[in-house]
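Chemist:
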Amino acid sequence: MMTYPDIDPVAIEIGPLAIRWYGLMYLAGFICAYAMIRRLTMPHKRLSLSSDTVADLLFACVLGVVLGGRLGYVLFYNASFYLEHPTKILSLWEGGMSFHGGLLGVIVAALWFCRKRQLPVASVADILVISSCFGLFFGRLGNFINGELWGRVSSVPWAMVFPGAGPLTRHPSQLYEAVLEGPVLLLILLVVYRANKAAGSVFFAFVSGYAGFRFVVEFFRQPDAHLGAVFAGMSMGQLLSLPMMLIGLAGIVWLNMRRPCER
Numbered sequence: 360m361m362t363y364p365d366i367d368p369v370a371i372e373i374g375p376l377a378i379r380w381y382g383l384m385y386l387a388g389f390i391c392a393y394a395m396i397r398r399l400t401m402p403h404k405r406l407s408l409s410s411d412t413v414a415d416l417l418f419a420c421v422l423g424v425v426l427g428g429r430l431g432y433v434l435f436y437n438a439s440f441y442l443e444h445p446t447k448i449l450s451l452w453e454g455g456m457s458f459h460g461g462l463l464g465v466i467v468a469a470l471w472f473c474r475k476r477q478l479p480v481a482s483v484a485d486i487l488v489i490s491s492c493f494g495l496f497f498g499r500l501g502n503f504i505n506g507e508l509w510g511r512v513s514s515v516p517w518a519m520v521f522p523g524a525g526p527l528t529r530h531p532s533q534l535y536e537a538v539l540e541g542p543v544l545l546l547i548l549l550v551v552y553r554a555n556k557a558a559g560s561v562f563f564a565f566v567s568g569y570a571g572f573r574f575v576v577e578f579f580r581q582p583d584a585h586l587g588a589v590f591a592g593m594s595m596g597q598l599l600s601l602p603m604m605l606i607g608l609a610g611i612v613w614l615n616m617r618r619p620c621e622r
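According to the working numbering, the residues represented by the sequence shown are 360 to 622, in order.
1) Let me check one thing: in DSSP terms, what residues is Pro-510 bridge-paired to?
2) Between which two residues does the beta strand (DSSP E) carrying Val-328 extend?
3) CB-CB under 8 Å to Trp-479, same chain, minus the five flanking residues each way: which ones, in chain order?
4) What are the residues that DSSP puts in a beta bridge with Ala-377?
5) Report the option in Gly-610, Asn-502 and Met-593 whose CA atom is closest to the CA atom of Leu-534.
6) Is DSSP giving Met-395 helix, strand or coil here?
7) Could you pull the DSSP bridge partners for Arg-529 from this structure?
8) Can you name the start and end residues of the alpha helix (DSSP H) that Arg-405 belongs to?
9) DSSP three-state label for Asp-415, please.
10) CA-CA distance, Trp-380 and Ile-504?
11) From this set, Val-538, Ser-491 and Pro-522, which residue's C-alpha is nearest Ala-469's C-alpha?
12) Measure the C-alpha to C-alpha separation of Val-443 and Val-425 and round it to an integer number of angstroms.
13) Taking the C-alpha atoms as reference points, what is the distance between Ile-371 and Arg-499?
14) Report all residues from its chain with a CB closer than 8 Å to the CB of Pro-526; omit the five preceding and five following residues, and keep chain order.
15) Please go through the same chain and pick out, in chain order, the residues whose beta-carbon is closer than 8 Å to the beta-carbon of Phe-435, but skip the five residues on each side of it.
16) Expressed to the nearest angstrom, what Euclidean distance is found between the alpha-carbon atoms of Glu-621 and Val-612?
17) Could you spell out where the alpha helix (DSSP H) holding Ala-438 opens and where it closes?
18) Between Gly-464 and Gly-427, how many whole angstroms is the CB-CB distance? I'm expecting something under 8 Å.
19) Where Ser-532 and Phe-578 are concerned, what is the direct C-alpha to C-alpha distance, given to the nearest angstrom?
20) How big is the Cα-Cα spacing for Ser-441 and Ile-448?
21) What is the C-beta distance between Gly-423 and Leu-495, in whole angstroms, given that I count them as a contact (C-beta under 8 Å)?
22) So that I know if they touch, is there some Cβ in chain C lying closer than 9 Å to that of Val-413?
23) Which of the three DSSP states is assigned to Ser-491 in this structure?
24) Which whole-angstrom value describes the C-beta separation of Gly-571 and Met-616, a residue pair presumed to lie in contact below a C-beta threshold of 8 Å?
25) Let me confirm a value: Arg-580 is counted as buried when at least 16 other C-beta atoms fall within 10 Å, else exposed. Which label applies?
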């Protein structure tokens, strides 16, 4: 058994001001995402954007991921609780963000931004999903520090006891997701990007890749107590990921059959 590093969720506290690790993880993700977008949109790259345009695009996507992620969690995972405690919807520092809701929020924000600035949607989508791997990585680290979204009971050598999860050792499933959704998925997307496939291929590779990883990790992650198995033994995360995986694979096939080498 490994010892869970019981980290204070509050990183810095100055009087009534408390800065939490969860928020700092999101900030780190956004900073790295900005740096990646700038690198992939320099003048000599396939899609050239000014620094101001990148900043505006990222700001729109941040709003989309925060609003969509929070509303997705409220609606998909704990609607009954938030109907009884509506003020808790704004308590982002307590955790509770849905990737699937965040993805929908980013899609809406990016579509609006591309239409307003007359940018190619597919090429922008490819850039955004590559940069999003940083946010996913740091977000899962934030879950681990918060001691939330722990794994199922296990006796593997790296299992640990999480505060609030009882005396039994569990999979550190947050770290599994951090590695798979962060560096592993990023590497896959960069390979697809450099292969110069049709515009949008990286986006659909992200959709199918994330969904596949999430579907697998759900076997090691403890389902929400109030949800359990939602349908046919699947958790809510798996139920939401399965159609994503199919859509991503279908999108890749469709794009590369339509115009195999178009950017």
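All C-beta atoms, glycine included, are put in the ideal place defined by N, C-alpha and C.
Modeler: So, from the data block:
1) Strictly speaking, residue 510 in this sequence is Gly, with Pro absent from that position. DSSP lists Arg-580 as partners of Gly-510.
2) The displayed coordinates of the chain run from 360 to 622. Any statement about residue 328 would go beyond what the structure contains.
3) In the sequence on display, residue 479 carries Pro and not Trp. If we look at Pro-479 and ignore the five residues flanking it on each side, its Cβ neighbours are Leu-406, Cys-473 and Ala-558.
4) Beta-bridge pairing links Ala-377 to Glu-372.
5) Of the candidates Gly-610, Asn-502 and Met-593, the one whose C-alpha sits nearest the C-alpha of Leu-534 is Asn-502.
6) Looking at Met-395 - three-state DSSP - the assignment turns out to be helix.
7) The partner list for Arg-529 (beta bridge, DSSP) reads Val-512 and Met-519.
8) Counting along the chain, Arg-405 sits inside no alpha helix (DSSP H), nor does DSSP assign it H or E at all.
9) In the three-state reduction of the DSSP assignment, Asp-415 falls in the helix class.
10) Going by the C-alpha atoms only, they are around 7 Å apart.
11) For Ala-469, the nearest C-alpha among the options comes from Ser-491.
12) For the sequence presented, residue 443 should be read as Glu rather than Val. Whole-angstrom Cα-Cα distance: 22 Å.
13) Using only the alpha carbons, I get a separation of about 20 Å.
14) Cβ-Cβ distances below 8 Å link Pro-526 to Val-520 in the same chain, with the five nearest sequence neighbours on each side left out; the list follows chain order.
15) Non-local C-beta neighbours of Phe-435 in its own chain, meaning closer than 8 Å and more than five positions away in sequence, comprise Ser-457, His-459, Gly-460, Met-595 and Leu-599, ordered along the chain.
16) Legend: pLDDT at Glu-621 = 46, less than 50; position of this residue unreliable, value from coordinates given subsequently. Between Glu-621 and Val-612, the alpha-carbon positions lie close to 14 Å from each other.
17) It spans 438-443 - the alpha helix (DSSP H) in which Ala-438 sits, taken as one unbroken run.
18) About 2 Å separates the beta carbons of Gly-464 and Gly-427, which is inside the 8 Å limit, making them a contact pair.
19) So the alpha carbons of these two residues sit roughly 9 Å apart.
20) It should be noted that the sequence gives Tyr, not Ser, for residue 441. One C-alpha to the other measures close to 6 Å.
21) Actually they do not touch by this definition, with Cβ atoms about 15 Å apart.
22) You won't find chain C in this structure, because it holds only one protein chain.
23) Helix, per DSSP.
24) Actually they do not touch by this definition, with Cβ atoms about 21 Å apart.
25) By the Cβ neighbour-count rule, Arg-580 is buried, with 16 or more other Cβ atoms within 10 Å of its own.
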